Amino acid sequence: MSVEAQQGIATPRIPAGLGGLLPALILIGLFFVVPVLALLLRSVTDPAPGLQNYAALLGDGTYARVFFNTFLVAAVVTIVTVLVAFPVAWMLAIMPPALASIMFGIIILSMWTNLLTRTYAWMVLLQRTGVINRALVSAGIIDQPLPLINNLTGVTIGMVYIMLPFMILPLVGTLRAIDPMTLRAAALCGASPLAAFRRILLPLSLPGIAAGGLMVFVMSLGYFVTPALLGGTSNMMLAEMIAQMIQSLLNWGLGSAAAFILLIVTMSLYALQLRLVGSKRSTGAA
Amino acid sequence: MLLDYDRLGWLKVALLGFTALVAAFLLLPVVFIVLLSFGSSRWLAFPPPGWTLKWYEELFADPSWIEAALTSARIATMTAILAVAIGLLASFALVRAQFRGREILRGLLLTPMVLPVVVFAIAIYAFFLKLGLGGTTIGFVVAHTVLALPFAIIPIATALEGFDKSVEDAAIVCGASPIQAKLRITLPSIRIGIFSAAIFSFLASWDEVVVAIFMASPTLQTLPVKIWGSLRSDLTPVIAAASSLLVALTLALMVVTALLRRKLQT
Amino acid sequence: MKLIFASVVAGLMATTVAKADEMVFTSWGGTTQEAQTKSWAEPFTASSGIKVLQDGPTDYGKLKAMVDGKNVTWDVVDVEMDFAIKAAKDGLLEPIDFAVVPKADLDPRFSNENAVGSFYYSFVLAWNKGAVSGEPASWADMFDTKKFPGKRTFYKWSAPGVIEIALLADGVPADKLYPLDLDRAFKKLDTIKSDIVWWGGGAESQQLIASGEAAFGQLWNGRVFALEKDGADVGVSWNQNLTAADVLVVPKGAKNKDAAMKFLATATSPTGQAKFAEASGYAPINTKAKAEMAADVVKGLPDAHVDGQINLDMNYWAEHRDEIAKRWYAWQAK
C-alpha cells in the first residue's frame, strides 16, 4: 500500500496519482490528437476516398529509398552520439564541481546559437575550401581535401553536434544516481575494471542511454534543416520530402499518408524498444 | 572504483582528454560564428579579409532583429514554464501510478516528437483558424508547448525513476505532507532532470521554425523565422552578429550566476 | 432619437472604415521584402492612407490552409509564377481587378487573370574567376568536365530551370524545349551528377560561388548582382539566360480585397517597378519602367540581354508540376 493509504488518506477509486496526467492529456488530446487526426484523415480522402496514397507510397522505389535512408541516418547519428556522449557524461558525473560547471556551461553555450546559424557554420567549416580542410592540407596531413560535406559524413557531424547535449544531460543524471559503493564493492571482490564496467556500470546506465537514445533517434527522424544543408540529395530525408509534398506540391493526401506511415513505424520501434530493454528501464517505472 | 574520480588512474586521463576534445568540438562553430561576425566580408569566408564592427551597427540600427529576439525569448520562456509544469505532473503519474495502458499513454504523450513537424503545423494552424487563435501569442505558446512536452517528460521521468522513493516515504512517515515531501526531498534530488527539461523545452521553442512560420503574424515574428527569410534572399553576417550577441549574453548570465553562487556559499 | 441613431451608425461606420485602413503584404523576407516595402508599401501608404502590415515568409501550405479554412489573413502575397498558375487552378486565388490595376504596360509574359508580375529574373551562368581558367560561355560548357573541371552548382528543387539547361546543353533548340524530354535531360545530367553541388536558397548559391566551393553554377541574376556589388571575383554569362518570375496574388477570400487591388496598381506601376529594380537587381515587369531607371542599372537587367534569352514556360510547369517533381526527386535520390 502507498504511504498515503497507510496514513488513512482517502484514495479515490481511480489509481492514485493519475490526476497529474490530466493537464498533459488535455493539452495533447485537444491540441494535438484532434487536429492531427483531422489532417491524417485526408490521407484516405484526398483527392478521392481510398488507399491510393498509401499504394503510391509503398509501391514506389523512391519513397522506400527515402524511408530507408532516413532511418539509416537516424540510427547512425544515434549510435555515434551515444559513443561520444558516454565518456563525457561519465566524467561529468564524477568530476569536481568546478570543472563540471565549466563543461556544462560549454554544452549549454553550444545549444544557444540558433540552429540555422550553427548549421551554416558547419557548412563553411566542412567545405572542400573550408577551414578544416585547409588546415589539414597546410599541415601536410592530407594533400586532397576530404569530402566532409554533401554526404552522410557531413550530416552525421552536423547532427551529432546538435544531439550531443540531449544525450549527455539525461545520461549524467542516471550516472550520478548510481552509488559508487557498488563499484567499489566489485573492485574489492576482485572484479577487473572491464568486468565492473560491463556487468555493473553499463547495465545501470541503460535507462539514461535508452532515454537519451530515444530522444536523439526520434529527433533525427524528423530533422530536415541540417540534412538539407549538409547532406547530398541522395541523402534526402523523409521530413524534407513530406515538407515538399505539403508545402510545395500542396498534395496533402500524399503528405499525410507518408507522415502516418512514419508515425506507425516509429511507434512500433518504440514498442519494440520497450519490450527489449524492459518497461522498467524506459522512461519510468514505479 | 569506476565512479571514483581520484582512483581512476590512466582512465581518468583518457576520459578527461576525450571530454576536452568534445568541448573543443562543441565550441568550434560558436567561436567561428563570433569571429565571422567581425569579418569584413559579406561571405562566410575564413580567414576574413578584414575586421569590422559594421554588422553590429546594422544589427542595432534595425529594430526588427531585436524585436524578433525578444518575441522568441518571450514565447520560449512561457513554453518552458508550461511544459515543465505539465511535464512534472505527468511524470509523477507515469512513474508512480500503476495502471493498465500506462505504456500506451506514455507513447501517446511522446508522439509530438515523432510526427513530422510540418504535418502538426498545418493541423494546428487550421484548428486555430477555426478557434480564432491564429496569430495570437497564446496559440503560439500552446502549439510550442505541445512540441516541447516530450522533451520535458523524458528527462524528468528518467530522473524520477532513478530516485529512491523510500527517502520521500521516510519524510512522510516523519510527519511531512506528501506535497511537502515532494517539494523538499524529491524535487531537489531530480533537479538535473528538471533543469534539462527546462532547457530542452526552452530550446525546442527558441529554435523552432516550421510551426513558427504558421503561427507568425505581422506582430509575431520570431528570430528563426527572420533568419530563415534572410537566408533565402541574402547571406549576411548580421545573423552571425545576432548569434554572437546572444552567446555573449548567455556567457554573462552564466558568469554572474556562478559568482553569485560562490558569494552565497561563503 | 435621431441623434442616437446617427451616432450608432457613425460608430459602426467608424469601425468599418478603421478596418479598411489596413492590409497585409506577405513576401519572402530578407532584403527582397525590404526593397518591396520601400518601393511599394511606403509610397502606397503615403498616397492612399492605407497602412501596409508586413507578414511572411510566404508559405504555400499556410496559404492553402487559410483559404480552405475561410480565414484569410494575407491580402497580397508574392509567390513563384508556376505556383500561382497551379493555385489559380485549385481555386485559391481572386481574379485581379484590372479596372483598378492598369494592364496595358504589364509584360504579358508575367501576368494572367489571377496574378500580376512582382519582378522577374534570369538564371545565368556565373563562375568564380579564381577557380575557373577560361570563360564558360554557354550551358553546354557546364557539362564539359574536361574543358571546365570542378564542381558545379544547380538549383536543388523541382522547378523550371535545370531541366531546360540540360536539354539546351544537349543541343535541343530553344523553341523545341517543350514538351520537356525528361529522359534526355536526366541522361545528360547523369554525365556530371557526381560533380554537382546543389543549392537550395539564394544565400547558399552565393556562398558556394564566392568561396570557390563550386567553380561555377546556375544562379539567379539578382544574387550575382549582389556578389559583384560586394566586390567578389565572379564572372557571368548571359548567354541563353532563362527567365522566370515572381508574381503578386490575392488569396481567395482576402479580407481587404479593394485595398489589395490598389496596392497592386502601385506595385506594378512604372515608378514602383523602377524603384524596386534599382534596389534589388531584379527586373521590372512593367515595360515603361526602364525609362525611369539609371542607364547603368538598365544595362545589368535581363532586359538588356534578350539575345538568346529563353522564357521558361510557366504554364507547362503548372500543368506537369507533380509528374516532373516525382521524376526529379526519384533521380536525385539515386
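Here the protein sequences come in this chain order: A, B and C. Residue numbering for the first sequence follows our numbering, starting at 58 and increasing by one per position. Residue numbering for the second sequence follows our numbering, starting at 9 and increasing by one per position. Residue numbering for the third sequence follows our numbering, starting at 9 and increasing by one per position. The beta carbon of each residue, even a glycine, is placed where N, CA and C say it ideally should be. Bear in mind that the values here come from a model prediction, so they are computed numbers and not experimental data.
Can you check DSSP and say which residues form a bridge with residue i?
{"i": "residue 259(C)", "result": "101(C)"}
{"i": "residue 61(C)", "result": "32(C)"}
{"i": "residue 204(C)", "result": "160(C)"}
{"i": "residue 225(B)", "result": "228(B)"}
{"i": "residue 327(C)", "result": "The partner list for residue 327(C) (beta bridge, DSSP) is empty, contrary to what the question assumes."}
{"i": "residue 135(C)", "result": "224(C) and 243(C)"}
{"i": "residue 59(B)", "result": "47(B)"}
{"i": "residue 291(C)", "result": "128(C)"}
{"i": "residue 114(C)", "result": "294(C)"}
{"i": "residue 319(C)", "result": "251(C)"}
{"i": "residue 87(C)", "result": "255(C)"}
{"i": "residue 123(C)", "result": "120(C)"}
Cα separation between residue i and residue j?
{"i": "residue 228(B)", "j": "residue 316(A)", "result": "28 Å"}
{"i": "residue 306(C)", "j": "residue 289(A)", "result": "38 Å"}
{"i": "residue 137(B)", "j": "residue 74(C)", "result": "7 Å"}
{"i": "residue 179(B)", "j": "residue 20(B)", "result": "38 Å"}
{"i": "residue 211(C)", "j": "residue 301(A)", "result": "20 Å"}
{"i": "residue 58(C)", "j": "residue 265(C)", "result": "12 Å"}
{"i": "residue 202(A)", "j": "residue 100(A)", "result": "46 Å"}
{"i": "residue 269(B)", "j": "residue 164(B)", "result": "24 Å"}
{"i": "residue 352(C)", "j": "residue 78(C)", "result": "Missing from the structure shown is residue 352(C); chain C here goes from 9 to 342 and no further."}
{"i": "residue 243(C)", "j": "residue 44(B)", "result": "25 Å"}
{"i": "residue 285(A)", "j": "residue 293(A)", "result": "7 Å"}
{"i": "residue 125(C)", "j": "residue 144(B)", "result": "32 Å"}
{"i": "residue 342(C)", "j": "residue 291(A)", "result": "6 Å"}
{"i": "residue 312(A)", "j": "residue 119(A)", "result": "14 Å"}
{"i": "residue 51(B)", "j": "residue 255(B)", "result": "21 Å"}
{"i": "residue 107(B)", "j": "residue 100(B)", "result": "13 Å"}
{"i": "residue 265(B)", "j": "residue 135(A)", "result": "33 Å"}
{"i": "residue 174(A)", "j": "residue 247(B)", "result": "7 Å"}
{"i": "residue 151(B)", "j": "residue 330(A)", "result": "28 Å"}
Does any C-beta atom of chain A lie closer than 8 Å to the C-beta of residue i?
{"i": "residue 333(C)", "result": "yes"}
{"i": "residue 155(C)", "result": "no"}
{"i": "residue 132(B)", "result": "yes"}
{"i": "residue 26(B)", "result": "yes"}
{"i": "residue 12(B)", "result": "yes"}
{"i": "residue 87(B)", "result": "no"}
{"i": "residue 80(C)", "result": "no"}
{"i": "residue 305(C)", "result": "no"}
{"i": "residue 120(B)", "result": "yes"}
Is residue i close to chain B, meaning its C-beta is less than 8 Å from at least one C-beta of that chain?
{"i": "residue 74(C)", "result": "yes"}
{"i": "residue 170(A)", "result": "yes"}
{"i": "residue 293(A)", "result": "no"}
{"i": "residue 237(A)", "result": "yes"}
{"i": "residue 261(C)", "result": "no"}
{"i": "residue 168(C)", "result": "no"}
Are the C-beta atoms of residue i and some chain C residue less than 8 Å apart?
{"i": "residue 285(A)", "result": "yes"}
{"i": "residue 158(A)", "result": "no"}
Can you round the beta-carbon distance between residue i and residue j to whole angstroms, since I take them to be within the 8 Å contact cut?
{"i": "residue 134(B)", "j": "residue 92(A)", "result": "7 Å"}
{"i": "residue 150(A)", "j": "residue 232(A)", "result": "4 Å"}
{"i": "residue 200(C)", "j": "residue 156(C)", "result": "No, residue 200(C) and residue 156(C) are not in contact; Cβ-Cβ is about 10 Å, not under 8 Å."}
{"i": "residue 250(C)", "j": "residue 318(C)", "result": "5 Å"}
{"i": "residue 260(C)", "j": "residue 101(C)", "result": "6 Å"}
{"i": "residue 124(B)", "j": "residue 310(A)", "result": "Not really, about 15 Å apart at Cβ, beyond 8 Å."}
{"i": "residue 282(C)", "j": "residue 262(C)", "result": "No, residue 282(C) and residue 262(C) are not in contact; Cβ-Cβ is about 27 Å, not under 8 Å."}
{"i": "residue 250(B)", "j": "residue 77(B)", "result": "7 Å"}
{"i": "residue 34(C)", "j": "residue 86(C)", "result": "7 Å"}
{"i": "residue 134(C)", "j": "residue 256(C)", "result": "Contact doesn't hold; Cβ gap of about 27 Å is too wide."}
{"i": "residue 9(B)", "j": "residue 252(A)", "result": "12 Å between Cβ atoms; not a contact."}
{"i": "residue 83(B)", "j": "residue 213(B)", "result": "6 Å"}
Original post:
Does the pairing of the segment 188-202 of chain B with the segment 222-230 of chain B give three or more beta-carbon distances under 8 Å?
Top reply: no
**OP:** For the segment 160-168 of chain C and the segment 286-300 of chain C, state whether three or more C-beta atom pairs, one from each stretch, are separated by less than 8 Å.
**Re:** No, because fewer than three Cβ pairs between the segment 160-168 of chain C and the segment 286-300 of chain C fall closer than 8 Å, the two stretches do not touch.
**OP:** Report yes or no: do three or more beta-carbon pairs, one from the segment 178-194 of chain A and one from the segment 255-266 of chain A, lie closer than 8 Å?
**Re:** no
**OP:** Would you check if there are 3 or more beta carbon pairs closer than 8 Å linking the segment 239-255 of chain A to the segment 211-227 of chain A?
**Re:** The answer is no - the segment 211-227 of chain A does not touch the segment 239-255 of chain A, with fewer than three Cβ pairs under 8 Å.
Original post:
Does the pairing of the segment 168-176 of chain B with the segment 129-146 of chain A give three or more beta-carbon distances under 8 Å?
Top reply: Too few Cβ pairs lie closer than 8 Å, so no.
Original post:
Quick check: the segment 319-333 of chain C against the segment 91-106 of chain C, are there 3 or more CB pairs under 8 Å?
Top reply: yes
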